[in-house]
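Since the structure comes first, as structure tokens, the remarks are kept for the end.
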Amino acid sequence: MELLERSRTIAKPGWSRWLVPPAALAIHLSIGQAYAWSVFKPPLEKTLHISGTGSALPFQLAIVMLGLSAAFGGTLVERKGPRWAMFVSLVAFCSGLLISSLGVALSQYWIVVLGYGFVGGIGLGIGYISPVSTLIKWFPDRPGMATGIAIMGFGGGALIASPWSSQMLTSFGVTTSGISKAFLIHGIAYAVFMALGVALIRVPRPDWRPAGWTPDANAPKKLVTTANVSARNAVKTPQFWLLWIVLCFNVTAGIGILEKAAPMIVDFFKNTSTPVATTAAVGFTALLSLANMLGRFVWSSLSDRVGRKNIYRFYLGAGALLYLLLLTAGNSSTQLFVIAAMAILSFYGGGFATIPAYLRDLFGTFQVGAIHGRLLTAWSVAGVLGPLIVNAIADAGKSAGHTGSSLYTTSFYIMIALLVIGFVANELIRPVSAKFHEPATDEQPAAENGSESAESTVKN
Amino acid sequence: MAEDETTTAPAEGAAPNRVALLVVAWLWVTLPFLYGLYKLIMNAQKLFQH
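Protein chains in written order, with the working numbering: chain A, 43 to 502; chain B, 299 to 348.
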């Protein structure tokens, strides 16, 4: 177990920092399988005789556990290091799949809930935050791009798992034996795939810098501090809670469309001359996934150039305008609807991927992974809030006899309001007060090198 | 993968060649990703088929 300790993962001379993104991707592409859980839902419902609500339970519990383990395990992940965290993620996530295999074989659904939801969910949360602070330390010159690659992997995980799992279920058959085998193979295959991340991950030496880069190089243009704030202190700052609002409402606005994409586009064009068939709506969902994934890399990388505050102005401001466009001209053109929805989803993905770099800018690299973990509670809230708003209003509209795009009018106005609140919260973000900064030590070279307080070294 | 991508300045000359490892590591994650992307594009085309 000593091999997993942070001290054993310090990179030797000659280690390329470009080996760290694939290590992160090996973890994120695997745990992103969670987004493809829906593939297992109908087979489980059929073989174990459970309802749709019941079959959603493992996924819902997994997402709750993701938020909780990221929030409460963040500090431990920082202390023990990324290899330990990736190993824990591998063991928990793959054990969850193996336990699920056993549960299905025994026709005991509660074992699947416990395995995939509880045990596997811990793997999701620890795995999600495991590479974040390491990537930021390896790419201090391009933190947005680095975290964008990893977090794009989480979106990409579903792209791989969805067709792969479907194919496996088709081959093995929709029986308890077939589903059990599919879970078993998932558990083994993901363990092998994630092992690359565990083996490859390295942390840079504390004094390491990319050649030609200095910590102050970006300060004149961006909201970047050279000081460090602990996770415990970060949650006491208004900046943390303002970012919490920004992330929560940006995610709510995106997830509201993502969760109901297929029925939404069918409803929108129901009473028009260009109705969209249910089979075509599957294509719309796929395009949204693509936009979500690309937004994670493209917008997050762009944030390295334009600054974190500016990119969130763009996500939230342009997002609100696009919702307005959908309200005013949404069902006049399928192309317009698809492009606007794709742009909104790209901002949703971009918001996820840029947040670690924003945290680094404001709180330094010291415990950025742990702070990120705590901030992910905003995701848990948004995951409930977004679908709740859209579904409740659409259901109420249907009960009242409404059809077509009018089912979503009120939801879209709410999304605009949330995005405007997020925009204002982003505007209120200022550098963190020096009273929250950690004292400079040998372990914190960034703080050591910074001779001025955050207020004097940062500019927006 | 420019010269600034390696960890050290002092032992730059003695740094081992990581090209093979880089290729294997990136292929390890890129190939499944491309498979998923291909399947997604196939699905996305359904939106434009009438």
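Where is the CB? At the ideal position from N, CA and C, for every residue including glycine.
Cβ neighbour criterion (16 or more within 10 Å) applied to residue 91 of chain A: exposed
*Under 7 Å Cβ to Cβ from residue 142 of chain A, same chain only, skipping five residues before and after it: list those, please.*
154, 157, 158, 225
Using the rule of at least 16 other Cβ atoms within 10 Å of the residue's Cβ for burial, across every protein chain shown, is residue 150 of chain A buried or exposed? When all chains shown are included, residue 150 of chain A counts as exposed.
If distances are taken between C-alpha atoms only, which option among A:414, A:310, A:129, A:162 comes closest to residue 237 of chain A? A:129
- [ ] Could you check how far apart the C-beta atoms of residue 267 of chain A and residue 404 of chain A are, in whole angstroms? I think they sit under 8 Å.
- [x] Going by Cβ atoms, the distance from residue 267 of chain A to residue 404 of chain A rounds to 6 Å, so yes, they are a contact pair.
If you measure from the beta carbon of residue 190 of chain A to each beta carbon in chain B, is any gap under 9 Å?
For residue 190 of chain A, no CB of chain B lies under 9 Å from its own CB, so it is not counted at the interface with that chain.
Let me make sure I understand the geometry here. Which of A:323, A:455, A:122 has the alpha-carbon closest to that of residue 367 of chain A?
A:455
**Asked** What separation, rounded to the nearest whole angstrom, lies between the Cα atoms of residue 59 of chain A and residue 215 of chain A?
**Response** Computed Cα separation, rounded: 44 Å.
Worksheet item: Just how far apart, CA to CA, sit residue 341 of chain B and residue 84 of chain A?
Response: So the alpha carbons of these two residues sit roughly 20 Å apart.
Exercise. Comparing the CB of residue 248 of chain A with every heavy atom of the ligand NAD, is any distance shorter than 8 Å?
Worked result: Of the ligands one can find in the structure shown there are none, so the ligand NAD has no counterpart to examine.
Where residue 94 of chain A and residue 87 of chain A are concerned, what is the direct C-alpha to C-alpha distance, given to the nearest angstrom? 7 Å
Check whether chain B comes within 9 Å of residue 267 of chain A, counting only Cβ atoms and requiring the distance to be less than that.
Interface criterion not met: the Cβ of residue 267 of chain A is under 9 Å from no Cβ in chain B.
Closest Cβ-Cβ distance between residue 5 of chain A and chain B: below 9 Å?
-> For residue 5 of chain A there is no data in the structure shown, the boundaries of chain A being 43 and 502.
- Could you pull the start and end residues of the alpha helix (DSSP H) that residue 437 of chain A belongs to? 419-441
Which of helix, strand or coil does DSSP assign to residue 444 of chain A?
-> coil
Chain-ordered chain B contacts of residue 324 of chain A [CB-CB under 7 Å] = 341, 344
Problem set entry | Which listed residue (A:376, A:146, A:132, A:360) has its alpha carbon closest to that of residue 315 of chain A | A:376
Decide if the stretch 324-337 of chain A is in contact with the stretch 462-481 of chain A; the criterion is three or more beta carbon pairs, one per stretch, under 8 Å apart. Verdict: no, contact absent.
Can you tell me which residues form a DSSP beta bridge with residue 525 of chain A? No statement about residue 525 of chain A is possible, as the shown extent of chain A runs from 43 to 502 and does not include it.
Taking 9 Å as the threshold (C-beta atoms), are residue 75 of chain A and residue 207 of chain A in contact? yes
What three-state label does DSSP hand residue 414 of chain A in the structure shown? helix
* Asked: Is it buried or exposed for residue 493 of chain A, if we count other Cβ within 10 angstroms and need 16 for buried?
  -> For residue 493 of chain A, the predicted structure reports a pLDDT of 30, less than 50, and the residue's modelled location is therefore unreliable. A value from the coordinates is still provided. Answer is exposed; the Cβ neighbour count stays below 16.
task: Report the neighbours of residue 323 of chain B on chain A: residues whose CB is nearer than 8 Å to its CB, in chain order.
output: 61, 64, 65, 238, 242
Does the distance from the C-beta atom of residue 202 of chain A to that of residue 334 of chain B stay below 9 Å? yes
- Query: For residue 228 of chain A, does the three-state DSSP call read helix, strand or coil?
  - Reply: Looking at residue 228 of chain A - three-state DSSP - the assignment turns out to be helix.
- Message: With H, G and I counted as helix, E and B as strand and the rest as coil, what does DSSP make of residue 70 of chain A?
- Response: helix
- Query: Does any C-beta atom of chain B lie closer than 9 Å to the C-beta of residue 202 of chain A?
  - Reply: For residue 202 of chain A, the answer is yes, since a Cβ of chain B falls inside 9 Å of its Cβ.
Margin query: Quick test of the definition: if touching needs 3 or more C-beta pairs under 8 Å, does the stretch 434-445 of chain A touch the stretch 335-352 of chain A?
Written below: Under the 8 Å Cβ criterion, the stretch 434-445 of chain A does not count as touching the stretch 335-352 of chain A, having fewer than three qualifying pairs.
How far does the alpha helix (DSSP H) with residue 303 of chain A in it extend, from its first residue to its last? 303-310
Can you confirm whether residue 387 of chain A, when its beta carbon is compared against all beta carbons of chain B, has any partner nearer than 9 Å? no
Item checked: residue 210 of chain A, enclosing alpha helix (DSSP H) - first and last residue -> 185-214
Next on the checklist: Assuming residue 365 of chain A and residue 389 of chain A are in contact, meaning their beta carbons sit under 8 Å apart, how far apart are those beta carbons, in whole angstroms?
Outcome noted: In fact, because the Cβ distance is near 11 Å, the residues do not count as touching under 8 Å.
Complete runs of the beta strand (DSSP E) confined to the stretch 322-357 of chain A [at least 3 residues]: Within the stretch 322-357 of chain A, complete beta strand (DSSP E) segments of at least 3 residues are not found at all.
**Message:** Does chain B have any CB closer than 9 Å to the CB of residue 488 of chain A?
**Reply:** Confidence is the limiting factor: at residue 488 of chain A the pLDDT is only 38, short of 50, which leaves the residue's position unreliable and the question unanswerable from this model.
Residue 276 of chain A versus residue 315 of chain B: straight-line alpha-carbon distance, rounded: Cα atoms of residue 276 of chain A and residue 315 of chain B: separation of roughly 41 Å, rounded to the nearest angstrom.
Would a check of beta-carbon distances place residue 56 of chain A closer than 9 Å to chain B?
yes
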